[in-house]
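First up is the structure itself, then whatever we jot down about it.
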Amino acid sequence: MSDFKERAEALDTADELASLRELFTLDDTVYLDGNSLGALPRHVPARMQDVITREWGALRIRSWGESGWWTAPERIGDRIAPLVGAAAGQIVVGDSTSVNVFKAVVAATRLAGEGRDEILVDATTFPTDGYIAESAARLTGHRVVPVDPADVGASLGPRTAVVLLNHADYRSGRLHDLPGLTAAVHEAGALAVWDLCHTAGALPVGLDAHGVDLAIGCTYKYLNGGPGSPAYLYVAERHQAAFDSPLPGWTSHADPFAMTPGYAPADGPVRGRVGTPDILSMLALEASLDVWDGVSVDAVRAKSLALTDFFLECVAAYAPEGRVLPVTPVAHAERGSQVSLRCDDAEAVMGALIERGVVGDLRLPDLLRFGFTPLYVGFADAERAARILAEVLAV
Numbered sequence: 297m298s299d300f301k302e303r304a305e306a307l308d309t310a311d312e313l314a315s316l317r318e319l320f321t322l323d324d325t326v327y328l329d330g331n332s333l334g335a336l337p338r339h340v341p342a343r344m345q346d347v348i349t350r351e352w353g354a355l356r357i358r359s360w361g362e363s364g365w366w367t368a369p370e371r372i373g374d375r376i377a378p379l380v381g382a383a384a385g386q387i388v389v390g391d392s393t394s395v396n397v398f399k400a401v402v403a404a405t406r407l408a409g410e411g412r413d414e415i416l417v418d419a420t421t422f423p424t425d426g427y428i429a430e431s432a433a434r435l436t437g438h439r440v441v442p443v444d445p446a447d448v449g450a451s452l453g454p455r456t457a458v459v460l461l462n463h464a465d466y467r468s469g470r471l472h473d474l475p476g477l478t479a480a481v482h483e484a485g486a487l488a489v490w491d492l493c494h495t496a497g498a499l500p501v502g503l504d505a506h507g508v509d510l511a512i513g514c515t516y517k518y519l520n521g522g523p524g525s526p527a528y529l530y531v532a533e534r535h536q537a538a539f540d541s542p543l544p545g546w547t548s549h550a551d552p553f554a555m556t557p558g559y560a561p562a563d564g565p566v567r568g569r570v571g572t573p574d575i576l577s578m579l580a581l582e583a584s585l586d587v588w589d590g591v592s593v594d595a596v597r598a599k600s601l602a603l604t605d606f607f608l609e610c611v612a613a614y615a616p617e618g619r620v621l622p623v624t625p626v627a628h629a630e631r632g633s634q635v636s637l638r639c640d641d642a643e644a645v646m647g648a649l650i651e652r653g654v655v656g657d658l659r660l661p662d663l664l665r666f667g668f669t670p671l672y673v674g675f676a677d678a679e680r681a682a683r684i685l686a687e688v689l690a691v
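Take any residue in the sequence shown, count from 1 to its spot, add 296: that is its number in the working numbering.
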C-alpha cells in the first residue's frame, strides 16, 4: 500500500497540470463525479456578482449590446471550439442537450438524400437521445433502427439518412471510434451526428479533422459550466447554408428585430439558435471556460489515461478478490475518462463511499462510476479512492 502512496506522490509532483487544481473550489473530498457535474472554478462567483449587480442591475437592457449579451451564444461557442477540434464559426451555445439533439437529428434528415428514411441510433445510448430520435422519426416519417456501435458498419445501407452515436458510453466509459465510424457513415452516403457529453473537455475529439457533420454536447461535466449550463450545437461549415432547423426561433432570423411574419434564416451557426439566450447560466459558463486558457487537450488526455490506469491498478491490488469487476476497457483507444466497476451491492457501496469522503456515482443496478477530471483530480485522489473502496468492500 505504501508503494502506491509513494508512486501517487511522485506522479503528482511530476504532473504538469497539477497547479490547475487551485483554480477550483474543492475540499478534502475525493471528487470523482465531474463526469456528472464539474467542480466550481473559484473566480466564477465574482464574475456572476458583476453580471447581476452591474450588467443586469445597473445597465439593464443596455447589456444586450454594451455587455455583449446578444452575441454570447456564438462567442462562447468559439471558445468551446478548440476543445472539440473545431474552427471558429461552427458552434452555437444555448438550450439543453436534448433540444440540440432534436435540432441536429431533424436537420440531418433534411440534409440527407432522397429515399433515405432510416435513423440509426446507438442502442446503448443515454436514454434521452433515444427518446428524441423516436420523436424526430415520428415528425419526419423516418424509422429508427437501434444498433450497437460495433455493428454500425454492417447496418448501414442506401436507406440510412442519419446515424446518432455517443462518443463514450455513459455506463461503461467505453470510447467509440469516432473517426472510423464517421468515415463508414459517409461511405454509405449518410450523415454522422455525435453526442460529446462524456468526452468534450476530457480528450481530443477532432470534429473538423474527422469530417463530423453535426455534434452536440453539454457543458456542465468536464467543461465545468455549472448545473444546467447551456449545451452547444456544432454544424460543420459545409452544411450551414442548407441547415434547416426544426425550431426556427426569432433569434435565428436573419433580421430578428424586424419582427416579420416570414422566416429567413441567419447565416452561420446563428441558425442553431431558437429563443432568448439564458444569459446568467451562459455567462457563468463563459467565465468557467477561463480555466482552459493555455491548457492542451492532449495533455489532459495523457493525464486522464494515466489516472485511470493508476486507479485500476490500485483497485486490483487493494480490493477483495471477486467483489468488483472493471467493465471499462483496458485499451486506451477504447477508454473515455471514467472507470466503471460492476458490484453486486453497488448502491450500498457508493453510499458508504460518499459517507467516507469519496464521491462517485452509480448506474443501477450494479455499476459504480468514477469520473476522472484531469484539471483537478490527482493521483493521490485515485489511490485514496481505491483504498477506501477496498475498506468498504471488506466490511
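In this text, a Cβ means the ideal position worked out from N, Cα and C, and glycines have one as well.
Exercise. At a cut of 8 Å, does the region 612-621 reach the region 448-466 through at least three beta carbon pairs?
Worked result: Note that the region 612-621 does not touch the region 448-466; fewer than 3 beta-carbon pairs, one per stretch, sit closer than 8 Å.
Problem set entry | serine 548 versus proline 542: straight-line alpha-carbon distance, rounded | For the purposes of this step, residue 548 is taken as the residue at position 252 of the sequence shown. For the purposes of this step, residue 542 is taken as the residue at position 246 of the sequence shown. Each residue's alpha carbon lies about 12 Å from the other.
Problem set entry | Residue from Ile415, Leu487, Ala450 and Val570 whose Cα sits closest to the Cα of proline 407 | In the sequence shown, the residue the question calls residue 407 occupies position 111. The amino acid occupying residue 407 in the given sequence is leucine; proline does not appear at that position. Cα-wise, what sits closest to leucine 407 is Leu487.
Exercise. Could you give the C-beta distance for histidine 463 and threonine 495, rounded to a whole number, given that I count them as a contact under 8 Å?
Worked result: Your numbering for residue 463 matches position 167 in the sequence shown. Your numbering for residue 495 matches position 199 in the sequence shown. Contact between histidine 463 and threonine 495 holds, with the beta-carbon distance rounding to 4 Å and staying under 8 Å.
For this session: Give me whichever residues DSSP pairs with alanine 488 in a beta bridge.
Result: Counting from 1 along the sequence shown, the entry for residue 488 is found at position 192. Answer is Val459, bridged to alanine 488.
For this session: Please list, in chain order, all residues of the same chain as valine 623 whose beta carbon is under 6 Å from its beta carbon, the five residues on each side excluded.
Result: Within the sequence shown, the letter at position 327 stands for residue 623. Within the same chain, and ignoring the five residues on either side of valine 623 in sequence, the residues whose Cβ sits closer than 6 Å to its Cβ are Ser468, Ser636 and Arg638.
Problem set entry | N- and C-terminal bounds of the alpha helix (DSSP H) containing arginine 683 | Working through the sequence shown from its first residue, we reach residue 683 at position 387. That run of the alpha helix (DSSP H) goes 675-690.
Exercise. Among Glu370, Gly437 and Ala429, which one has its Cα closest to the Cα of glycine 411?
Worked result: In the sequence shown, residue 411 corresponds to position 115, counting from 1. Of the candidates Glu370, Gly437 and Ala429, the one whose C-alpha sits nearest the C-alpha of glycine 411 is Gly437.
Problem set entry | Residue environment, phenylalanine 553, which counts as buried when at least 16 other CB atoms sit within 10 Å | Numbered from 1 along the sequence shown, position 257 holds the residue referred to as residue 553. Looking at its Cβ environment, which holds fewer than 16 other Cβ atoms inside 10 Å, phenylalanine 553 is exposed.
For this session: Could you work out which residue in Ala686, Asp677, Arg683 and Trp360 is closest to alanine 314 when comparing CA atoms only?
Result: The count along the sequence shown starts at 1 and reaches residue 314 at position 18. Check the Cα spacing between alanine 314 and each of Ala686, Asp677, Arg683 and Trp360: the tightest is with Asp677.
Exercise. Where does valine 340 sit, in a helix, a strand or coil, going by DSSP?
Worked result: What you label residue 340 is simply residue 44 of the sequence shown in a count that begins at 1. Here valine 340 carries a helix assignment [DSSP, helix/strand/coil].
Problem set entry | Range covered by the alpha helix (DSSP H) that runs through leucine 649 | As a position in the sequence shown, residue 649 is number 353, starting the count at 1. Element bounds for leucine 649: 642-651.
For this session: Specify, as a first and last residue, the run of the beta strand (DSSP E) that glycine 361 falls within.
Result: Within the sequence shown, the letter at position 65 stands for residue 361. Counting along the chain, glycine 361 sits inside no beta strand (DSSP E); it lies in the alpha helix (DSSP H) bounded by residues 359-362.
Problem set entry | Reduced DSSP secondary structure (H/G/I, E/B, other) of tyrosine 327 | Position 31 of the sequence shown, counting from 1, holds the residue named residue 327. Tyrosine 327 falls in the strand class under three-state DSSP.
Exercise. Can you tell me whether leucine 660 is buried or exposed, with buried defined as 16 or more other CB within 10 angstroms of its CB?
Worked result: Numbered from 1 along the sequence shown, position 364 holds the residue referred to as residue 660. Answer is exposed; the Cβ neighbour count stays below 16.
For this session: Report all residues from its chain with a CB closer than 7 Å to the CB of histidine 506; omit the five preceding and five following residues, and keep chain order.
Result: Position 210 of the sequence shown, counted from the first residue, corresponds to residue 506. The residues are Leu474, Pro475 and Thr478.
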